[in-house]
Amino acid sequence: MIKSLKALAIATLIAVAPFSAHADNHKDAVEEVLVILSSDSLQTQGMAMVLSNTMAEKGAKVNVLLCDKAGDMALKSYEAPALKPKDVTPGQMLRGLLKNGGEAKVCALYLPNSDYDKDDLIDGVGVAMPPEMADQMLNPGMRTFTF
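According to my numbering, the sequence shown is numbered sequentially starting from 2.
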């Protein structure tokens with residue numbers, strides 16, 4: 002009888018172990034992310050913004066670094082074709098992310114190498130400084146995604 006009870010206890014532990022391991026995965030969830038976007042591809046920009054907004058909806062603090070042509074998304078004068086299925090532009094998705102607490106910056110090289118200045122950026126978008134960005138990239142608690 003004791004052997005049966007031990008076997009039952011072991012079987013129960015083995016059966017429950019996968020559920021316990023799955024529950025613990027949420028403790029390791031990333032709380033802050035850095036999305037580096039430099040692609041000039043409309044669909045790549047759109048997907049980066051879809052994923053950024055989705056991560057924010059799931060509770061992550063989202064930081065976006067816009068480099069090269071992707072920096073244009075942060076301009077007040079930005080225009081682009083809307084993407085299906087929601088008929089929004091990457092710039093509109095960026096603005097939505099900012100309204101929901103996300104942060105966005107253009108890279109330090111963007112403005113000096115364009116015809117724009119800080120006044121041409123939408124409200125809430127700053128200029129990234131290399132030491133700050135390097136700190137974020139080296140932070141073991143932050144996951145970095147590049148597009």
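Cβ atoms here follow ideal geometry from the backbone N, Cα and C, with glycine treated the same way. None of these values were measured; they are calculated from a predicted model.
What residues in its chain sit with their C-beta under 7 Å from that of Q46, if we drop five residues either side in the sequence?
Reading the sequence shown from its first residue, position 45 is the one you call residue 46. Same-chain partners within the cutoff: L38, S40, A71, M74, P91.
Buried or exposed: which applies to R53, given that a residue is buried once 16 or more other Cβ atoms fall within 10 Å of its Cβ?
Looking up residue 53 in the sequence shown gives position 52. Before going further, note that residue 53 is Ser rather than Arg in the sequence given. Counting Cβ neighbours within 10 Å, S53 comes out buried, since at least 16 surround it.
Cutting at 8 Å between CB atoms, please list the residues of its own chain near Q119, excluding the five before and the five after it.
Translated into positions along the sequence shown, residue 119 becomes position 118. This sequence places Lys at residue 119; Gln is not what is there. Hits under 8 Å: L112, V128.
Where the beta strand (DSSP E) through A57 begins and ends
Taking the first residue of the sequence shown as 1, we reach residue 57 at position 56. Where A57 is concerned, there is no enclosing beta strand (DSSP E), although the alpha helix (DSSP H) it sits in stretches over 43-58.
If you check the beta carbons only, do V31 and A61 fall under 8 Å apart?
Position 30 of the sequence shown holds residue 31. Position 60 of the sequence shown holds residue 61. Taking 8 Å as the Cβ cut-off, V31 and A61 qualify as a contacting pair.
Whole-angstrom Cβ separation of V1 and F146, contact assumed at under 8 Å?
Coverage of the chain is limited to positions 2 through 148, which leaves residue 1 absent and any answer about it impossible.
Tell me, to the nearest whole angstrom, how far the beta carbon of V107 is from that of V126; I am working on the premise that it is less than 8 Å.
Taking the sequence shown and counting its residues from 1, the one referred to as residue 107 is at position 106. Taking the sequence shown and counting its residues from 1, the one referred to as residue 126 is at position 125. So it is a contact: roughly 6 Å between Cβ atoms.
CB-CB length for S78 against D124, believed under 8 Å:
By one-based count along the sequence shown, residue 78 stands at place 77. By one-based count along the sequence shown, residue 124 stands at place 123. Their Cβ separation, rounded to whole angstroms, is 14 Å, which puts S78 and D124 out of contact at 8 Å.
Coil, strand or helix - A105 by DSSP
Along the sequence shown, read from residue 1 onward, the residue named residue 105 stands at position 104. Reduced to three states, the DSSP call for A105 is strand.
Buried or exposed for G142, please, with buried defined as at least 16 other CB atoms from any protein chain shown within 10 angstroms of its CB.
Taking the first residue of the sequence shown as 1, we reach residue 142 at position 141. The residue in question, G142, is exposed, as its Cβ has fewer than 16 Cβ neighbours within 10 Å.
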